[in-house]
Structures are given as C-alpha cells and as structure tokens.
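2 protein chains.
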Amino acid sequence: MATRLKDIAHDLGLSVVTISKVLRDHPDIGEATRKRVLKRIKELNYQPNFAARSLITGQTWTIGLVVPDLLHPFFAQIAKAISVEVRKKGYSLFISSSDEDPALEQEEIAQLLARRVDVLLIASSQWTVESFRRIEEQKTPYILLDRQFSGLESNFVGVDDRAVGLLATTHLIEQGCRRIAHVRGPEISTALGRLDGYRRALAAAQMAPLPGHIVSIGSSGDHRGEKGGYEAASKLLGHKSRPDGIFCFNDPVALGTMRAILDAGLRIPEDVAVVGCGNLSYSDLLRVPLSSVDQGSMTIGKVAASLALKLAHNKTPRRPKSELIPPHMVVRASSLRSRAAPEPSQLLPSPARE
Amino acid sequence: MATRLKDIAHDLGLSVVTISKVLRDHPDIGEATRKRVLKRIKELNYQPNFAARSLITGQTWTIGLVVPDLLHPFFAQIAKAISVEVRKKGYSLFISSSDEDPALEQEEIAQLLARRVDVLLIASSQWTVESFRRIEEQKTPYILLDRQFSGLESNFVGVDDRAVGLLATTHLIEQGCRRIAHVRGPEISTALGRLDGYRRALAAAQMAPLPGHIVSIGSSGDHRGEKGGYEAASKLLGHKSRPDGIFCFNDPVALGTMRAILDAGLRIPEDVAVVGCGNLSYSDLLRVPLSSVDQGSMTIGKVAASLALKLAHNKTPRRPKSELIPPHMVVRASSLRSRAAPEPSQLLPSPARE
DNA sequence: AAAGTAATCGATAACTGTATCGAAGATCAA
DNA sequence: TTGATCTTCGATACAGTTATCGATTACTTT
C-alpha cells in the first residue's frame, strides 16, 4: 500500500497536520522538524493522494482539452504544447478527441466537467452556443481555441484569421498575381476572418475580387477537404477570367486545388499560384511544395496553457480575454514566381524544415 | 455549488446510502424508490464527485498514456483510438508527450503514478528497464506500446515487426527485385524485428543480403530520420553491386532514401524500388507516392485500450499478455514495377485514401 | 402462532488530506 | 514578576462517497 501522511506522522511522533504543513511550505513549522519530515518523506517516496486533497480543496489540478481530431497536426501540436506547459506546474491534462462530432463533443465536455477539471480548453466543432452556457452554469472557467462564436463572450486563443487572409493575399499580389481567387470555407469564424482579410488585402492594392472568384467548398462532410478543393478549383479554372492566383481556406483544400490545376494541364506557380493555410507537416514533401500560412499552433498552445494556469488560480472570474496569435507566411514553390524558377532540389523534401 | 448525494437524500426523505446504491445499480433497492431517485438525479443533473469516490474505492477511473511525440501520426492515431475506447467505459485519459526524452518520460510516469491512474500505457523512449521496475513496485498495471524490452516481462501491444520485414521484403521480391538492401534502425526491438523479417524473407526465396547491403542510420538525433536515410542510401548507391530494391526501417528514412536516389539521377521504382514502414498520412501526397507497411496504429490503440480496461478491473495481477498486430502492405508507386507503369494520376494525391 | 426468509433501507465508520483555531512553551518588554 | 507576543505544533471537524453490517417490515412456511 502507498504511504500516507499518517504513516510519516506515526514514524516521527508528530501529527498529520504538521506533515501536511511541511508539504505545503506552511510558515509555522520549526526548521529542525521540517528537515526531519522532509527526510522521511524522501525515504518513503511519499506521494500525496490527489483524491483526498481534491476533496477538501475543491481543486483537482487537472485541465481538460477537447479537440475535433487529434490526428490533425494543428491540434496535435496544440495538445502537445499545452501538455508540456501545464505539466511544469504540476497539472495533468485530459485529452479527448471528438471526431468532429458535436454530440460526442458535448458528452466529452460533460465527462470532463463531472471530473471537476480546473479549466476546460475546447477547440469546438459545435454549431450552437448552448453547450458553453452549461459550462458557465457549472462555473468552470473555459477557453475556446481556434474557433470563436459570435454572441458568446468567452476566453479565446487562436490565430488572427484576418491577418491570415491579409498575409496570403498580399503575398500573391507581390508575386505578380492580378486575378486572385479565394476558395472559402464554411460559415465559421476562421473562414469568415480569412475571407475578410482576403478582401481587405485586395482593397489595399486597389483591387477587388472578380465576379465568381470567391467560391465555397461544400458543407457536407464528403465535399470538404481535398475533394471540395478539387471541385471548387475546377469551377474557378473553367471561369472566363481564369485566376492566376488562388488563396485556399486551408491546406487540404489547397491540395485539391493543386490537383485540379495540374489535371487541367496548367503549371504551378507559373500559370496559377497557390497558397494554403495551416503549414501542415507534409507541405514541403509534395510534388509541388505548398506555400502556406503558418498558424503558429505551438504558440497557440503555449499561450492557451498560460492563460489556463491563470484561470485555474483566480477563484474570482475575470473579464474574458481574447488572445490573437499573429500568423506568418511560409513561402514554397507553389507561389514563388517573382524571381528565378525554384531550384529542382526545392521541389523535393529538404532536410531543413521550417 | 454542485449537488451532492446528501441533497438528493434530503429532498426525498431517504438516506445517502440509498441514493448511492441506486447510482451503482445495487440490487437491494425497491423499484418504486429507485425510480423516484433516478428522477430526482436527472432533475438536479447530479454528477458524482470522483474525488470522494476514488478516496474510498481506490480506483480513479483514469488511464495514463505516455508517448514520445504526439505530433507523430502513429502515436496520435494510437492516442485517439485509446481515448475513444476508454471513454465509452467512463474512463478519462491523461495524455503526455515526452518529446523523445527519457528523463522527461520518467517524470511524466512519476506524475501519473502519483495520480493513481488505474492503468499506465507507455510508448517508451527509454533505454533501460529501471523505470518500469518502479511502476511494478507501485503495483500499477502497465502496458508497453510499440517497443518491447528484452528481459522485461510485461504487457505489450504493438505491430508484429518480424511480419513487417517479411511483408516488405517479400513484396520487393515479387516485384522482381533481386538485390534488396535494408536501411536498418537502432538497437531496439522494432528495428531488430524488421531486420529479422527481412533476413527470413530473403532466405525463404533462397536469397541472402549481399555484403554491405545492410546499412544502419546514425544513432545521434541529427542523423536519424530523413537525413539519416539520405546518408545511408548514398552509401548503398555507391556500392559496386547497386541494390534494385530498398526496404527502409521507417517512412522518414524512406523519404531520405528516395531523395538520394533521385539526386543520383536514378528512377523510382524502375531503377530502385523503395518500401517504407508506417504509412504516414503524407505517403500518397509525395512526388513519388511511397509504398509502406501499415502498422495498424488504430488497431494497436483499440487492442491496447481493451487490454487496459481488463487490467483496470482485475485486482489480481495476471500473467503479462503480448498482443502482436498483423501489419499490411500498402502498395503505391515507389515499388510498383511488375506490371504497366502506374497511371499518372497515381502520382498525385488521390481523394480515395487507404 | 412461531419461526424462518427475503426484500428493502439506514447508521456508522472509513478513505486521506486540509482549514481553523486553540494550546503550550519560549521570548521579550516593562 | 507579570503580561504580552511570537513560535511551533496539535485536536477537531470536515470534504463526498462507499463498505459493512444491522434493523425493519412483509411474507412464507410449518
């Protein structure tokens, strides 16, 4: 059986209270006894019982994280960063993957609330605000990741999506593109922000989207991702004023877009330049390495973790805080056409990674 | 404040004990009161306090998972599968990423043990057996994932590495390769098993590795992965009897190998066929899509979860169980040279994924 | 009617640690 | 010396649940 405070107290002829105080650096303990206790604690390799501690303090020293898909490198990176950061402060991290299923996500949130996690971090695939209201009822502090919800004032950490759109579109303009199209995503904050940035970048250069140059990928699960990108890009390429640059909502969509361009017998980036978003780990291993806007997922994780730790300690709820992480552009072959053609070696995976 | 058993008991004029029994489907409760209690529980949305429950039962209904790198799709897939499976049974999963650092891994194991997880799952990056001995001292059941340790009798779930080597090498033989080389990994169970399978497959075809056709990637962190593969393959290609097929320890190494082959002005698979292992998510997005042995990471996760749940309930320790998952070959362009040349479309990402 | 049995529920202790306040002794000032 | 203050430690209550065993009631059997 594991050693308890009682055992140590009995060994040293002290009371449990004294041992408990030593453990928590309580001031009113004599130096001599403090040393004796610490020595014995080390000898017996005492590990405090979190259950008993939680019962009285109300804190569990755990943090919950719900992501739509742990396989997605973006969320995996965030999860990893959070795990590392909170562990340093003695917190452990529950991670669960909702598989993009709102119903499953709600169950997982409920389970984590039942476990009385100190803070809840959610990258939600929800469409309504309802489940967040339930979290608020329980008075558990929570932080939304990646995606925001209008009409919900909550803590938020994610990339600055407007800056994403600005960065990508401005880059295409600088590369000499004049007919820049956008394959946009569904009606969620990330897609809307990127669309807005795209529009603003064009406007800043005295340009405007040509009619039909903003296409949306299908909302059904089957037509999202790469397939949706292929279909959307096919539409664009059949257009009478064919785009010479396409900014895609995310990297999978950009992959589909690139496939459509190559299938149409066109060259990337000479005929059509492509920029995605997410900077996924495969981005520089492709046939044509994909330029992409990096969302700074590691930074998102670190910032979210630090905010979570703050919330865990402040018993008094503060005003919700929104942290926008600045994105940065990672230029690869798919959009590099201003200067000389890229070296052949750049078309292949290179050992030096971003 | 959250509702407690006491509240429900008071509301209905019953004792806490009765409510507790209803919650756990104890037989000696009358049907009428059982329904009344369940109704009230639902009304108040009662959530049991895990801390109090753990304190008395000794079970925490949590499972711990330690992986070397959550960003690696192999481990991400395993983590996801485990998370989904154990959640169904009411368990929550602590996940931590050790960043391939043995010292960090030990800290994380210690933290999870201190939390009294019911079962510990470890994909270890350890070199010694020492830390597992400590787990055994605490009498916490544990399961090793992916990598085994000689001289340590423990529960294990992972791919059948010998079968991996057999499958890959046999495939290359069937594709008409006659000088098959192997880029092997370090001195750990996975690499040794795959090497053994490679040897056996050759022997079964009355063949043997030519001298110098088994090369090892460097053990230092810098020379592992893609860079190590590039260096190892360069050696092989300079050999007087140049290989016409290479089986690589894993996919990153295979990527480096392919880069070396193309840099040498040779064709894949016509001059040299390549097979990797891991079937990483980028495998069919490459310039030359990579044939790879799939390790069945989802199956590993599911089997590990099911074993973990068994261990969580059996208070009496059973004999350690070893579960070997059969791998399967995923043939793509990098090794397909027996019949007609692959269709051009196969050289590009295809929407239909394995 | 007496005794036995089954069904249903509750009183009490226990699990381990923490918060609170009080007690004992030491030290110091007046 | 007295009183006050400080230092160091402990007694007690408590957090929310479950294990155990005893109590009550109703029903059955002989």
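Protein sequence lines correspond, in order, to chains A and B.
If you count the first sequence from 1, position 125 lands on 125 in this note's numbering, and the numbers rise without skipping.
If you count the second sequence from 1, position 86 lands on 440 in this note's numbering, and the numbers rise without skipping.
Don't be surprised by glycine CBs; every beta carbon is placed ideally from N, CA and C.
Being a predicted model, the structure only gives us computed values, none of them experimental.
Compute the beta-carbon to beta-carbon distance between residue i and residue j, rounded to the nearest angstrom, for a pair I have assumed lies under 8 Å.
i	j	result
I325(A)	G158(A)	7 Å
L210(A)	S241(A)	5 Å
D251(A)	S292(A)	6 Å
L44(A)	T3(A)	5 Å
S374(B)	H525(B)	So it is not a contact: roughly 59 Å between Cβ atoms.
F429(B)	A386(B)	At roughly 51 Å, the Cβ-Cβ gap does not stay under 8 Å, so F429(B) and A386(B) are not in contact.
E677(B)	F510(B)	7 Å
V370(B)	V391(B)	The Cβ separation is near 11 Å, so there is no contact.
Is it buried or exposed, residue i, if we count other Cβ atoms within 10 angstroms and call 16 or more buried?
i	result
I410(B)	exposed
T482(B)	exposed
K6(A)	exposed
R532(B)	exposed
D294(A)	buried
Q77(A)	buried
P68(A)	buried
D472(B)	buried
L702(B)	Because L702(B) carries a pLDDT of 35, less than 50, the predicted location of this residue cannot be relied on, and the following value inherits that uncertainty. Answer is buried; the Cβ neighbour count reaches 16.
G592(B)	exposed
H213(A)	buried
L659(B)	The question names Leu, but residue 659(B) in the sequence shown is Ala. Burial call: buried.
S297(A)	buried
D638(B)	buried
G13(A)	exposed
H10(A)	exposed
R469(B)	buried
Please compile the residues from chain A whose C-beta is within a distance smaller than 7 Å of the C-beta of residue i.
i	result
A406(B)	L55
K434(B)	L70, L71 and S97
For residue i, which three-state DSSP category applies?
i	result
E153(A)	coil
S96(A)	strand
A105(A)	With the sequence shown as reference, residue 105(A) is identified as Glu, and Ala is not the correct amino acid for it. Reduced to three states, the DSSP call for E105(A) is helix.
I373(B)	helix
V626(B)	coil
E677(B)	strand
Y496(B)	strand
V303(A)	helix
R394(B)	helix
L366(B)	helix
G90(A)	coil
T411(B)	helix
L336(A)	coil
D7(A)	helix
A201(A)	helix
A433(B)	helix
I408(A)	A query on residue 408(A) cannot be resolved here, the shown segment of chain A reaching from 1 to 354 and no further.
A181(A)	strand
I527(B)	helix
T128(A)	coil
H380(B)	coil
M298(A)	helix
S588(B)	helix
L286(A)	strand
H682(B)	strand
V159(A)	strand
So which residues on chain B does residue i lean against when the C-beta distance must stay under 8 Å?
i	result
E136(A)	The premise fails here: E136(A) is roughly 14 Å from chain B at the closest Cβ pair, so nothing lies under 8 Å.
For residue i, return the contacting residues in chain A, with the cut-off set at a CB-CB distance below 8 Å.
i	result
E462(B)	R87
Who are the neighbours of residue i on chain B, taking C-beta pairs under 7 Å?
i	result
F94(A)	S446, L447 and F448
A76(A)	L424, L425 and A430
Residue i versus chain A: which residues are under 9 Å apart at the beta carbon?
i	result
V438(B)	S96, S97, D99 and L104
A363(B)	Chain A residues near A363(B): none, gap ~19 Å exceeds 9 Å.
Q465(B)	R87, G90 and S92
T414(B)	F50 and A51
Check each residue of the region 493-526 of chain B: if its Cβ is closer than 8 Å to any Cβ of chain A, include it; give the result in chain order.
none
Along the region 308-338 of chain A, what residues have a CB closer than 9 Å to any CB found in chain B?
none
Against chain B, which members of the region 32-48 of chain A pass a CB distance test of less than 8 Å?
Q47 and P48
In the region 112-129 of chain A, which residues sit with their C-beta less than 8 Å from some C-beta in chain B, listed in chain order?
L112, L113, A114, R115 and R116
Got a sec: which bits of the region 272-284 of chain A sit with their beta carbon under 8 Å from any beta carbon on chain B, in order along the chain?
S281 and Y282
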